[in-house]
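Here's the structure, in structure tokens; my notes come after.
Chains as they are written, first to last, in the working numbering: chain A, 50 to 212; chain B, 92 to 297.
Laid out in structure tokens, this is it:
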């Protein structure tokens, strides 16, 4: 440690220059009066923007920002995690078959088609385990024409009867 | 006048007696503005100096120092006395300054104060200038600009540690309390910051 201090001796001499930087003459004569005047006038001492206010009110946010500044790897990891979460969310949202899976499985185990009797049909559907779905039935959608003709128009047909 | 001579709580002759300060704080908490005026007078130079050295801009330092004192007055009711008023006030000023700097990172504009007359007779500086440095011809004003520019290249926490320790003479323990971190962190930040500064100012150091 002592060796380190010696290494920085010149730097410490140079930093001594900072102690000689002084504000304009008489600056401090009026400083406290200005502060008290602003307190009296109801000034909150907050010329801060919304973001500054947010940082001010949330010490954890300041610490997080400091951690990002001090450890770029931490910032990278945090951003990576956020991206992964976002991607997972998008993928999960685009697969509607994943969401109702547990319900369908439960329905399959509790009721089979063979067990449906005329008596059970009289009961409300949700009581016998039949689950309705509002998911679109993809197989019923019309497939596109291989010739690019999407909506063939009906042509009027004229028939002439022979004599 | 040396604005920000090294200060340690025990050695500083200007440091107020703790009991008296406690009384002033108690009076100020009950809305006594005269008592608070006295507290402002006692700490204005050190608070201003810290903010000034962090921002390298007199106008910004003036605004932030005033706002820090006003905010401290408004928050006095929440001051539990767990730390000294001085440390608590410093925390407010330092957090305000760091937040300010974070949001204005791309708008660094230096507005430096003049050097006092004693700068030319400071033994530390005389030693530096008289040494055979590669840039021994550099004047004090040029050195001042280069030094401030180098400090502004440091991250805010690193700059703060250098300012509090090497410029203002605060102890590691005091800095750890102000920055709300442990002493080891203060030491490692100080070492890293000095290394970086030495690199930035290589032309001006022997």
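For each residue, glycine too, the CB sits at the ideal point set by N, CA and C.
At a CB-CB cut-off below 8 Å, which residues of chain A make contact with residue 234/B?
Neighbours of residue 234/B on chain A, chain order: 63 and 66.
So that I know if they touch, is there some Cβ in chain A lying closer than 9 Å to that of residue 210/B?
Taking Cβ atoms only, chain A reaches closer than 9 Å to residue 210/B, which makes this a yes.
Would residue 295/B and residue 238/B qualify as a contact pair, given that the criterion is a beta-carbon distance under 9 Å?
One thing to note: residue 295/B has its Cβ within 9 Å of the Cβ of residue 238/B.
Check whether the Cβ atoms of residue 175/B and residue 233/B sit closer than 9 Å, and answer yes or no.
Taking 9 Å as the Cβ cut-off, residue 175/B and residue 233/B do not qualify as a contacting pair.
Bridge partners - residue 148/B, DSSP secondary structure assignment:
DSSP lists 202/B as partners of residue 148/B.
Check the Cβ of residue 79/A against every Cβ in chain B and list those closer than 8 Å, keeping chain order.
Neighbours of residue 79/A on chain B: none; closest Cβ ~10 Å, over 8 Å.
If you run the structure through DSSP and keep just helix, strand and coil, what is residue 70/A?
Three-state DSSP puts residue 70/A in a strand.
In chain C, what lies closer than 8 Å to residue 113/A by C-beta?
Protein chains A and B are contained in the structure displayed, whereas chain C is not.
Quick check: is the beta carbon of residue 255/B nearer than 9 Å to any beta carbon in chain A?
Cβ-Cβ to chain A under 9 Å: no for residue 255/B.
Please tell me whether residue 84/A and residue 131/B are closer than 9 Å, where the distance is taken between their beta carbons.
Closer than 9 Å, so yes.
At least one CB of chain A closer than 9 Å to the CB of residue 115/B: is that the case?
No, no contact with chain A.
With 9 Å set as the bound, which would you pick, yes or no: does the beta-carbon of residue 132/B sit closer than that to a beta-carbon of chain A?
Yes, its Cβ sits closer than 9 Å to a Cβ of chain A.
Who are the near neighbours of residue 283/B in its chain, counting only those whose CB is closer than 7 Å to its CB and skipping five residues on each side?
Excluding residues within five positions, the ones whose Cβ falls inside 7 Å are 249.
Does any residue of chain A bring its CB to less than 9 Å from the CB of residue 151/B?
When Cβ-Cβ separations below 9 Å define contact, residue 151/B makes no contact with chain A.
Should residue 170/B be flagged as near chain A, meaning a C-beta pair shorter than 9 Å?
Under the Cβ distance rule, residue 170/B does not count among the residues neighbouring chain A, no pair being separated by less than 9 Å.
Contact set between residue 164/B and chain A, taken where Cβ atoms lie within less than 7 Å
The contacting residues are 88.
Using beta carbons (cut-off 9 Å, strictly below), is residue 180/B in contact with chain A?
Not a single C-beta of chain A is nearer than 9 Å to the C-beta of residue 180/B.
Tell whether a beta-carbon distance below 9 Å holds between residue 281/B and residue 252/B.
In this structure, residue 252/B lies closer than 9 Å to residue 281/B by Cβ.
Per DSSP, what kind of secondary structure is residue 193/B in: helix, strand or coil?
Note: residue 193/B maps to helix in three-state DSSP.
Hey, how far is the Cα of residue 142/A from the Cα of residue 126/A?
Rounded to the nearest angstrom, the two C-alpha atoms are 24 Å apart.
Closest Cα partner of residue 179/B within the set 191/B, 279/B and 163/B
Minimum Cα-Cα distance from residue 179/B among the listed residues 191/B, 279/B and 163/B corresponds to 163/B.
Chain A within 9 Å of residue 160/B, Cβ atoms only
Residue contact with chain A for residue 160/B: present (Cβ-Cβ distance below 9 Å to some residue of chain A).
Starting from the Cα of residue 82/B, find the closest Cα among 121/A, 112/A and 82/A and give me that residue.
A question about residue 82/B goes unanswered here, because the residues of chain B that appear run from 92 up to 297.
If contacts are defined as beta-carbon pairs under 8 Å, then residue 143/B and residue 204/B qualify, I think. What distance do you get, rounded to the angstrom?
About 7 Å separates the two Cβ atoms, so the contact holds.
Look up residue 132/A in the DSSP assignment and say whether it is helix, strand or coil.
If DSSP states are grouped into helix, strand and coil, residue 132/A belongs with the helices.
So, using beta-carbon positions, are residue 254/B and residue 145/B closer together than 9 Å?
Yes, these two residues count as a Cβ contact at 9 Å.
Rounded to the nearest angstrom, what separates residue 223/B and residue 217/B at their Cα positions?
Only weak support is given to the placement of residue 223/B: the predicted model assigns it a pLDDT of 47, under 50, and the value that follows is read from those uncertain coordinates. Approximately 12 Å, taken between the alpha carbons.
Please return the same chain residues whose Cβ sits closer than 6 Å to the Cβ of residue 169/B, not counting the five positions on each side in sequence.
Around residue 169/B: no qualifying Cβ.
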